[in-house]
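S.K.: Residue numbers (mature numbering (1 follows the signal peptide of the UniProt record, and there is no 0)): -18 to -1, 1 to 224.
For each residue, glycine too, the CB sits at the ideal point set by N, CA and C.
Treat the numbers as computed from the prediction; the structure is a model and nothing was measured.
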Amino acid sequence: FLFVVFMSMACDADAVYASCVRLARALDSSEASVVLIRHGESLANVSNVVCSLMHNGIKPEYSLSPKGKQQAHESGAVFAKTLPAAHHVLIYTSPFSRATATAEIFGHACAKSASASGAVEQPHVVEWLRERCFGEDAELKPSNEPYERYWRHDAADPFTPPPEGGVGRESVGEVALRTASGFTELLDRIGATTIGTSVVLVAHGDTLSTLAAVLAFCQREESERTIQAFTDALRAHRSHGL
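(1) On the criterion of 16 or more Cβ atoms from any shown chain inside 10 Å, does Glu204 qualify as buried, or is it exposed?
(2) Rounded to the nearest angstrom, how far is the Cβ of Gly155 from that of Pro144, given a contact under 8 Å?
(3) When the Cα atoms are used, what is the spatial distance from Val(-15) to Arg160?
(4) For the beta strand (DSSP E) that Gln19 lies in, which residues bound it at each end?
(5) Considering only residues of the same chain and omitting the five flanking positions on each side of Phe(-13), which have a CB-CB separation below 7 Å?
(6) Using a 10 Å radius around the Cβ and a threshold of 16 neighbouring Cβ atoms, would you call Val60 buried or exposed?
(7) Looking at the unbroken alpha helix (DSSP H) that takes in Leu193, where does it start and where does it end?
(8) Between Leu46 and Ser24, which are expected to be in contact by the criterion C-beta below 8 Å, what is the C-beta distance as a whole number of angstroms?
(9) Quick one: Cα of Ile87 to Cα of Ser79, how far?
(10) Which residues bound the alpha helix (DSSP H) around Val60?
(11) Considering only DSSP beta bridges, list what Leu9 is partnered with.
(12) If we ignore side chains and look at the alpha-carbon of each, how far apart do Lys123 and His21 end up?
(13) Under three-state DSSP, which class holds Pro105?
(14) CA-CA distance, Val(-3) and Thr208?
(15) By alpha-carbon positions, which one of Gly178, His186, His222 ends up nearest to Gly39?
(16) Measuring CA to CA, which of Phe199, Thr179, Thr84 is closest to Pro55?
(17) Leu183 and Leu169: beta carbons closer than 9 Å?
(18) Out of curiosity, what's the CA-to-CA distance linking Ser11 and Gly117?
(19) So, helix, strand or coil for Val154, using DSSP?
(20) At the level of alpha carbons, what is the spacing between Phe(-18) and Thr82?
(21) Alpha carbons only, please: which of Arg202, Val71, Val108 is nearest the one belonging to His90?
(22) In terms of residues, what are the limits of the alpha helix (DSSP H) holding His90?
(23) Nearest by alpha-carbon distance to Ile177: which of Leu9, Cys(-8), Asp(-7), Cys2 is it?
(24) Since Ala120 contacts Val32 with CB under 8 Å, what's their CB separation in whole angstroms?
(25) Report all residues from its chain with a CB closer than 6 Å to the CB of Gly220; omit the five preceding and five following residues, and keep chain order.
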C-alpha cells in the first residue's frame, strides 16, 4: 500500500464538474448495475474515533468488529438472492482494512449462492475509494465534532475544505473528483463486459455519500446537468445517509 499526503486547497469547481459529466456519459453507455456498500461496523466506529489517514486505515486494528463482520456476511447473502443466473459480480474496494474485510466477506457470502457460483470475482483494491481525509489534527480523536463541522461546511461550500483540521483535509469536491475520475476509468476499462454485470463499490460513509450525490446528478437528463445542479447535489451529499 502507498501512503499519500494530500495538500489542502480549494479545488477547481469547473474541473470537478467536467469530470462528473464525463462519468455521466460513461454511465449512459454502460449496461452495468452499480451497487454501493458501506463497510460494516469497524473497531474505529466502536471506539468513536476518526480514522481517515491511509497509514492508519490499512492497519488490522482498525478493521471490522465482530458485528461488522456479521453485517458484511448478511449483506452478501442478501445481495446474492437478487442475482439472476450467470450474473457477473465485480467488487472494488477502498484500501482501508475495514473496507477490504467487508469486501472479502461480502464476496465470499455472495459466491456461496447457487445463482452466483463462479461469477463473483475476488475484490480489487482501488485507491480512489479510500476514506475522505479529515486531516491530521482529527486523526484518532473523537469523531462526532469533526464530522458535523465538515458537513456544515460542505453545505456552504463543497469546493474548499474547512479551515480547521490540519494537513490532508479534503473538500467534498476533491472526493467527487477522485471518485468520478476513478469510476469513469473503471467503466472505460470494463465497458465491453458490462451486460449482466454488477459493479460493487465498497467504501466509506463520506466517500459513498459523495459518490451517490454524483450518481444522482448523472441520472438527470443531459439538459439538466448544469454546474449549479451539480453544486447543489454536492452540498446535499449527506442526504444520501451512507
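M.R.: Taking the coordinates as given:
(1) One-based indexing of the sequence shown puts residue 204 at position 222. Exposed, by the Cβ-count rule.
(2) Locating residue 155 in the sequence shown gives position 173, counting from the first residue. Locating residue 144 in the sequence shown gives position 162, counting from the first residue. At roughly 13 Å, the Cβ-Cβ gap does not stay under 8 Å, so Gly155 and Pro144 are not in contact.
(3) Numbered from its first residue, the sequence shown carries residue -15 at position 4. Numbered from its first residue, the sequence shown carries residue 160 at position 178. For Val(-15), the pLDDT reaches just 36, beneath the cut-off of 50, and the residue's location in the model is therefore unreliable, although a value from the coordinates is still provided. So the alpha carbons of these two residues sit roughly 14 Å apart.
(4) Here residue 19 refers to the residue found at position 37 of the sequence shown. The sequence shown places Ile at residue 19, rather than the Gln named in the question. 15 to 20 is the extent of the beta strand (DSSP E) around Ile19.
(5) As a working mapping, residue -13 is identified with position 6 in the sequence shown. Caution applies to Phe(-13), whose pLDDT of 37 falls short of 50 and renders its modelled position unreliable; the value that the coordinates give is listed next. Here Phe(-13) has Cys115, Gly150, Glu152 as same chain residues with Cβ atoms under 7 Å from its own Cβ, once five neighbours each way along the sequence are excluded.
(6) Counted from its first residue, the sequence shown places residue 60 at position 78. By the 10 Å Cβ count, Val60 comes out exposed.
(7) As a first step, residue 193 is located in the sequence shown; it is residue number 211 there, counting from the start. Run containing Leu193: 187 to 200, per the alpha helix (DSSP H) assignment.
(8) Locating residue 46 in the sequence shown gives position 64, where the first residue counts as 1. Locating residue 24 in the sequence shown gives position 42, where the first residue counts as 1. So it is a contact: roughly 6 Å between Cβ atoms.
(9) Taking the first residue of the sequence shown as position 1, residue 87 is located at position 105. Taking the first residue of the sequence shown as position 1, residue 79 is located at position 97. For Ile87 and Ser79, the distance between alpha carbons rounds to 12 Å.
(10) Mapped onto the sequence shown, residue 60 falls at position 78. Per DSSP, Val60 belongs to the alpha helix (DSSP H) from 48 to 63.
(11) Within the sequence shown, residue 9 is the residue found at index 27, counting from 1. Beta-bridge pairing links Leu9 to no other residue.
(12) Numbered from 1 along the sequence shown, position 141 holds the residue referred to as residue 123. Numbered from 1 along the sequence shown, position 39 holds the residue referred to as residue 21. The alpha-carbon atoms of Lys123 and His21 are separated by roughly 20 Å.
(13) Looking up residue 105 in the sequence shown gives position 123. Here Pro105 sits in coil by DSSP.
(14) Numbered from 1 along the sequence shown, position 16 holds the residue referred to as residue -3. Numbered from 1 along the sequence shown, position 226 holds the residue referred to as residue 208. Approximately 12 Å, taken between the alpha carbons.
(15) Here residue 39 refers to the residue found at position 57 when the sequence shown is read from its first residue. Ranking Gly178, His186, His222 by Cα distance to Gly39 puts His186 first.
(16) Here the question's residue 55 lines up with position 73 in the sequence shown. In the sequence as presented, Pro is not what sits at residue 55; that position holds His. The shortest C-alpha separation from His55 is found at Thr84.
(17) Stepping through the sequence shown from its first residue, residue 183 is reached at position 201. Stepping through the sequence shown from its first residue, residue 169 is reached at position 187. No, Cβ-Cβ distance for Leu183 and Leu169 is not below 9 Å.
(18) Taking the first residue of the sequence shown as position 1, residue 11 is located at position 29. Taking the first residue of the sequence shown as position 1, residue 117 is located at position 135. So the two alpha carbons sit approximately 37 Å from each other.
(19) For the purposes of this step, residue 154 is identified with residue 172 of the sequence shown, where counting begins at 1. Helix.
(20) Counted from its first residue, the sequence shown places residue -18 at position 1. Counted from its first residue, the sequence shown places residue 82 at position 100. Only weak support exists for where Phe(-18) lies, its pLDDT of 31 falling under 50; the value from the coordinates is given anyway. Looking at the two C-alpha atoms, the distance is approximately 12 Å.
(21) Position 108 of the sequence shown, counted from the first residue, corresponds to residue 90. Closest option to His90, Cα to Cα, is Val71.
(22) Within the sequence shown, numbered from 1, the residue matching residue 90 stands at position 108. Its alpha helix (DSSP H) spans residues 79 to 93.
(23) Counting from 1 along the sequence shown, the entry for residue 177 is found at position 195. Among Leu9, Cys(-8), Asp(-7), Cys2, the Cα nearest to that of Ile177 belongs to Leu9.
(24) The sequence position of residue 120 within the sequence shown is 138, counting from 1. The sequence position of residue 32 within the sequence shown is 50, counting from 1. About 5 Å; that satisfies the 8 Å criterion.
(25) On the sequence shown, position 238 is the one that residue 220 refers to. The identity of residue 220 in the sequence shown is Arg, whereas the question assumes Gly. Same-chain partners within the cutoff: Trp133, Ser191.
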